[in-house]
Amino acid sequence: MEFRLEKKSFEWEKNLVCLLLQKVQGVSVNLEKQDRWVWKEGEKSGYMVKSGYLCLRGDSEEENDTVFKKLWKSKVVPSAQVTA
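Okay, so the sequence shown: first residue is 208 according to this note's numbering, each after it adds one.
This is the structure in structure tokens:
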């Protein structure tokens, strides 16, 4: 499969293009299967806001601090959840 950019890259983009090509090198595409979204951070349970937040924070489930655990387990009224 040939990879081609639609526009000429700016100088600052060239490193990013190289990184992209390194990441997709060796990836095979199966045209017989339908595309689907996969959340690899929470393979057992699928995507959850908690796993997305942990991913952005750079934490894993095991590295949670006790304050964060208490926050997710807290019982909050719906009106406060929206504004929090």
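We treat Cβ as the ideally placed atom computed from N, Cα and C, and that holds for glycine.
Computed from a predicted structure; not experimentally measured.
In the structure shown, Ser258 adopts helical secondary structure according to DSSP, grouped into three states.
Annotated three-state conformation of Val224 is helix, per DSSP. Assignment of Trp246 by DSSP, reduced to helix, strand and coil, places it in the coil class. In this structure, DSSP gives Gln229 a helical state, which the three-state scheme calls helix. Between Glu248 and Ser235, the CB-CB gap reaches or exceeds 8 Å.
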